[in-house]
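Residue numbers (the UniProt record's numbering): 1 to 416.
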């Protein structure tokens, strides 16, 4: 296999009826609630199926977000405030990718806004992994993986930067609202997009210095992801962190290998061989790390068959460059191999992934000034669709689902 991607479970949620008839005092307001309910059902159904069309899902999402924004941002410019008075009229319940079936509920439209965008990003990550699972991805498939990964970065960065700070309660440690978890996902998506760039650069025989700089940056991104979740519960996050460590080792080894290849081009074959020796040394730690990865319990996984093919490709690349350096030194340069490892002098100038700009849709045109004033908040909240007054955080089994976005194999080893 060309790539090896770890994926965590998708989120899941419960039905939200948006039954605000006591509050919605005219037909326009009732229509907004009905459209919200219908669009959410369709959106969750599509996000539960990895075969769903991406454009159709994006269209549903934009419609839903446009409607939802009217409950978050004030569509009535005469109100004198940017925040809608309707923000807390509905309760939303979501599981989180690394917390199993534990449900976190909040009466906050902003919580729903962030959660549904995160779910969309995680769904896109799964779609990219399906393409990466191909034996020999085409150029178009490689572009799609790269583009999708950049899109995920854009979505998650937008939520982290502009919406998470507006959330009143950022949830429990290790939830998808945890800044450490969000940082890990962002670093992962950047690094995996750069993996595609590296694959193409090697395939097209770009300069070893360019490849070495890019593999070094990618190794550092996987290290950043691992460090983001290092302090979290190892029983839940250990497997994910192991994936980051494995990838970090792989690209660290490739960095030394291609740096050695570049030194050979500079007629420094002795230093080149020393770099290649270091690359082989670093790749050898993968065997015990990989065994531990597949033995570990926890949420999420990566296909074992993909890992075998990925490692074989990496090791073949390291061996090829090492043999080349030793051959050239033996036949031409006859330089001594010093024990000191050459210092890496690298700065990536090409191939570094930048997030795609994620554009949040405007407030839906259904939010007319008349509709904005048609919600009567003098009705006590206990009479609305929020019928229970439980604590904001509810641990335990997931309540009945609208239609879970979680696949059956998510907790095991997904094939995506």
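Where is the CB? At the ideal position from N, CA and C, for every residue including glycine. Please read all numbers here as calculations on a predicted model, not as lab measurements.
Residue closest to residue 239, alpha-carbon to alpha-carbon, out of 278, 363, 292, 197: When only C-alpha atoms are compared, the closest one is 292.
Out of 369, 142, 104, point me to the one whose CA is closest to residue 132's CA. Ranking 369, 142, 104 by Cα distance to residue 132 puts 142 first.
If you reduce the DSSP assignment to three classes, tell me which class residue 87 lands in. In the structure shown, residue 87 adopts coil according to DSSP, grouped into three states.
Alpha carbon to alpha carbon, how far is residue 335 from residue 264? Give it in angstroms, no decimals. Cα-Cα distance, rounded: 11 Å.
Could you tell me which residues DSSP puts in a beta bridge with residue 7? According to DSSP, which records beta bridges pairwise, residue 7 is partnered with 301.
Of all the CB atoms in chain D, is at least one closer than 8 Å to the CB of residue 31? In the structure shown, chain D does not exist; there is a single protein chain.
Is residue 12 helix, strand or coil when you go by DSSP? DSSP places residue 12 in coil when its eight states are reduced to three.
Can you name the start and end residues of the beta strand (DSSP E) that residue 92 belongs to? Its beta strand (DSSP E) spans residues 92-95.
Unbroken beta strand (DSSP E) run spanning residue 105, endpoints: Where residue 105 is concerned, the enclosing beta strand (DSSP E) stretches over 103-106.
Tell me whether the beta-carbon of residue 63 lies closer than 8 Å to the beta-carbon of residue 44. Contact flag unset, no.
Complete alpha helix (DSSP H) runs within the region 172-255 (minimum length 4 residues, chain order): Within the region 172-255, the complete alpha helix (DSSP H) runs of at least 4 residues are 179-203, 208-229.
Answer with buried or exposed for residue 306, where buried requires no fewer than 16 other C-beta atoms within 10 angstroms of its C-beta. Under this definition residue 306 is a buried residue.
Tell me which residue opens and which closes the alpha helix (DSSP H) that residue 98 is part of. It is not in any alpha helix (DSSP H) - residue 98 carries neither H nor E in the DSSP assignment.
Can you tell which of 287, 258, 187 has the C-alpha that lies nearest to the C-alpha of residue 226? Closest option to residue 226, Cα to Cα, is 187.
Out of 252, 276, 249, 250, state which residue places its alpha-carbon closest to the alpha-carbon of residue 262. The shortest C-alpha separation from residue 262 is found at 276.
Residue 232 and residue 283 closer than 8 Å at C-beta: No, they are not a contact pair.
Going by beta-carbon coordinates alone, are residue 95 and residue 11 separated by less than 8 Å? Their beta carbons are under 8 Å apart, which means residue 95 touches residue 11 by this criterion.
Does the beta-carbon distance from residue 206 to residue 255 come in below 8 Å? Going by C-beta atoms, residue 206 is not nearer than 8 Å to residue 255.
Along the chain, where does the alpha helix (DSSP H) that runs through residue 71 open and close? Counted as a single uninterrupted DSSP element, the stretch harbouring residue 71 is not any alpha helix (DSSP H), since DSSP gives it neither H nor E.
From this set, 352, 121, 326, which residue's C-alpha is nearest residue 50's C-alpha? When the alpha-carbon of residue 50 is set against those of 352, 121, 326, the nearest one is in 121.
Please classify residue 203: is it buried, with 16 or more other beta-carbons within 10 angstroms of its beta-carbon, or exposed? By the 16-neighbour rule on beta-carbons within 10 angstroms, residue 203 is exposed.
As assigned by DSSP and simplified to three states, the class of residue 18: In this structure, residue 18 counts as coil in the three-state DSSP scheme.
Take residue 117 and list the residues in its own chain whose beta-carbon comes closer than 7 Å to its own, dropping the five residues that flank it on each side. Take residue 117, set aside five residues on each side of it, and the residues of its chain with a beta-carbon closer than 7 Å to its own are 155, 159, in chain order.
Where do the ends of the alpha helix (DSSP H) carrying residue 351 lie? Careful: residue 351 lies outside any alpha helix (DSSP H) and carries neither H nor E.
Helix, strand or coil for residue 374? Go by DSSP, reduced to three states. In the three-state scheme derived from DSSP, where H, G and I count as helix and E and B as strand, residue 374 is classed as coil.
Tell me where the alpha helix (DSSP H) around residue 150 begins and ends. Boundaries of the alpha helix (DSSP H) harbouring residue 150: 139-158, taken from the DSSP string.
In chain order, each alpha helix (DSSP H) run of at least 4 residues that lies wholly inside the region 289-333: With a minimum length of 4 residues, the continuous alpha helix (DSSP H) runs that stay inside the region 289-333 are 304-328.
Among 199, 184, 128, 297, nearest to residue 54 - alpha-carbon criterion: If you compare the alpha carbons of 199, 184, 128, 297 with that of residue 54, the shortest gap goes to 128.
Close Cβ partners of residue 391 (< 6 Å) along its chain, the five nearest in sequence each way excluded: Reliability of the predicted coordinates at residue 391 is poor, the pLDDT of 38 falling under 50, and the value obtained from them is presented with this limitation in mind. Once the five neighbours on either side are set aside, residue 391 has no close Cβ partner at all.
What span of residues does the alpha helix (DSSP H) with residue 34 cover, start to end? Counting along the chain, residue 34 sits inside the alpha helix (DSSP H) bounded by residues 27-47.
In whole angstroms, what separates the C-alpha of residue 7 from that of residue 299? Approximately 9 Å, taken between the alpha carbons.
Whole angstroms are fine: how far does the CA of residue 161 sit from the CA of residue 244? Inter-residue distance for residue 244 and residue 161 is about 24 Å (C-alpha atoms, whole angstroms).
Tell whether a beta-carbon distance below 8 Å holds between residue 212 and residue 163. The answer is no: Cβ separation not under 8 Å.
With a threshold of 8 Å, are at least 3 pairs of Cβ atoms found where one atom belongs to the region 102-118 and the other to the region 165-181? Because the criterion of three Cβ pairs below 8 Å is met, the region 102-118 and the region 165-181 touch.
Taking its Cβ as the centre, do 16 or more other Cβ atoms sit within 10 Å of residue 341, making it buried, or is it exposed? Exposed.
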